[in-house]
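Number 184 in the working numbering belongs to position 49 of the sequence shown; there are no gaps in the numbering.
From the three backbone atoms N, C-alpha and C, an ideal C-beta is built for every residue, glycine too.
In this text the structure is predicted, and so the values were computed from the model without any measurement.
Inspection log for the structure reproduced underneath, given as structure tokens.
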Amino acid sequence: MAKEKKNSGGGAPNNVIELPKQCPVCKGKAHRAGFCDEHFMWFKEGLVNRKGEKPKDFDKKYQNFMRKQAA
Ligand SMILES: [Zn+2]
Numbered sequence: 136m137a138k139e140k141k142n143s144g145g146g147a148p149n150n151v152i153e154l155p156k157q158c159p160v161c162k163g164k165a166h167r168a169g170f171c172d173e174h175f176m177w178f179k180e181g182l183v184n185r186k187g188e189k190p191k192d193f194d195k196k197y198q199n200f201m202r203k204q205a206a
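The following block contains the structure:
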């Protein structure tokens with residue numbers, strides 16, 4: 136067969152992207168897509184990005200979000 140590069144042999148593949156086990160916003164336990172339940176909602180609503188960073192217009196978005204929650 137074709138020559139292959141020397142393999143370090145046996146280890147698990149290193150290219151699996153692992154989701155964080157901690158919510159990046161509150162450092163709580165991550166349940167869904169790397170967020171805790173609450174901040175997964177935030178993520179879905181665009182209040183935080185994948186890294187848990189808030190957008191410039193966070194305040195506005197947060198108010199809209201709270202309004203929606205109350206409705
Ligand atoms: Zn959280």
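Using a cutoff of 7 Å, the CB of G181 does not count as near ligand 1, since none of the ligand's heavy atoms is closer than that. In the three-state scheme derived from DSSP, where H, G and I count as helix and E and B as strand, R185 is classed as coil. Under DSSP, R167 takes part in a beta bridge, and its partners are F170. For A206, no alpha helix (DSSP H) run applies, since DSSP gives it neither H nor E. A206 is classed as exposed because its beta carbon has fewer than 16 other beta carbons within 10 Å across all chains shown. Of the residues K186, D172, E180, the one whose Cα lies closest to the Cα of K195 is E180. Distance between K156 and G187, taken at the CA atoms: about 13 Å.
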